[in-house]
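Structure, as structure tokens:
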Amino acid sequence: MDELQQIVENRNRDAVAPKQKELLNYVGGVEEDMVDGFPYEVPENYQNMPLLKGRAAVDMKVKVKDNPNLDECVFRIVLDGYNAPVTAGNFIDLVERHFYDGMEIQRADGFVVQTGDPTGPAEGFIDPSTEKTRTIPLEIMVNGEKSPFYGATLEELGLYKAQTKLPFNAFGTMAMARDEFEDNSASSQVFWLLKESELTPSNANILDGRYAVFGYITENKDLLADVKVGDVIESMQVVSGLDNLVNPSYKIAG
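Counting the sequence shown from 1 gives a position; the working numbering is that position plus 4.
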């Protein structure tokens, strides 16, 4: 960690990303070695939802259009179910349903890349078992807390100086999109941060504590800037950690 701090202080951007990835893998390994079971109980209201109790990795293959230098790319996404079990579990469950396969990138504005809005009037995932949109609560883990806060932004909770455990501090940070004025409206729409943020202090932007971060792109994230509206997600595949998913709805209904 001291080495990463030194890199940042020296403004060595090329060295930040590899060291950040190395630390992410190291911390994940330490957590998995140390945790005997899951470290806290998810609130009763959400215990029957798909939950990721640990880490997982997903490969996302994107077909890039109208780019002579890039035909397709595969992004490795590491999901953190220790700090966002409901959010990450919901996403993994949708991946296993092949919900995102064949879906276009729907926003790419230089700030974020976004997808997850299905064809038709629905703006999220319609659960076949209920025929209603499945939504999840806003889920934010704060440094010093044993479990996440649910259902409210940190500002609404009065935690103005709280530091989020999963901040928007890296190019390729992954989070759930939601209605601006409805904290618990996230369903299937996700976005990745597009900004030169390795050198930006954590919790120094308007997104921390307002949107639920649950993962980071760790491989080929630089290519995210080349992704445009209309490019197609050919596939998403869980490559590790699927055994950490509990209550998977995809096994109950296709």
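Think of the CB as a built atom: it goes at the ideal place given N, C-alpha and C, for glycine as much as any other residue.
Exercise for review: State the beta-bridge partners of L83 as determined by DSSP.
Suggested key: Here residue 83 is taken as the residue at index 79 of the sequence shown, counted from 1. Paired residue(s): A60 and G219.
Point to revise | S239 versus P54, K150, K67 and R138, residue with shortest Cα-Cα distance | key: Indexing the sequence shown from 1 puts residue 239 at position 235. Measuring from the Cα of S239, the nearest candidate turns out to be K67.
**Study point:** Cutoff 6 Å; reference R182; Cβ partners in own chain excluding five residues on either side
**Key:** By 1-based counting over the sequence shown, the position of residue 182 is 178. Within the same chain, R182 has close Cβ partners S189 and A190.
Point to revise | alpha helix (DSSP H) runs contained entirely in the region 76-150, provided each spans 4 or more residues | key: 89-100
Check your understanding: Could you give the residue range of the beta strand (DSSP E) that holds M178?
Key -> The residue labelled residue 178 in the question sits at position 174 within the sequence shown. It spans T177 to M180 - the beta strand (DSSP E) in which M178 sits, taken as one unbroken run.
Exercise for review: Return the CA-CA distance between G2 and V243, expressed in angstroms with no decimal places.
Suggested key: Outside the displayed range of the chain (5 to 258) lies residue 2, so it cannot be described from this structure.
**Study point:** Between the CA atoms of F79 and P152 - distance to the nearest angstrom
**Key:** For the purposes of this step, residue 152 is taken as residue 148 along the sequence shown, with counting starting at 1. For the purposes of this step, residue 79 is taken as residue 75 along the sequence shown, with counting starting at 1. For P152 and F79, the distance between alpha carbons rounds to 27 Å.
Point to revise | Residue from D75, P54 and R214 with nearest C-alpha to K65 | key: Taking the sequence shown and counting its residues from 1, the one referred to as residue 65 is at position 61. Comparing Cα positions, the closest option is D75.
Review point. What residue range is occupied by the uninterrupted beta strand (DSSP E) comprising V194?
Key: Taking the first residue of the sequence shown as position 1, residue 194 is located at position 190. Per DSSP, V194 belongs to the beta strand (DSSP E) from V194 to L197.
Review point. Using DSSP with H/G/I as helix, E/B as strand and the rest coil, what is K165?
Key: Numbered from its first residue, the sequence shown carries residue 165 at position 161. In the structure shown, K165 sits in coil (DSSP, three-state: anything other than H, G, I, E or B).
Review point. Can you tell me the Cα-Cα spacing of K199 and A179, whole angstroms?
Key: In the sequence shown, counting from the first residue as 1, residue 199 sits at position 195. In the sequence shown, counting from the first residue as 1, residue 179 sits at position 175. Going by the C-alpha atoms only, they are around 14 Å apart.
Check your understanding: Can the beta-carbon of W196 be found closer than 7 Å to that of G176?
Key -> For the purposes of this step, residue 196 is identified with residue 192 of the sequence shown, where counting begins at 1. For the purposes of this step, residue 176 is identified with residue 172 of the sequence shown, where counting begins at 1. Result yes, Cβ atoms of W196 and G176 sit closer than 7 Å.
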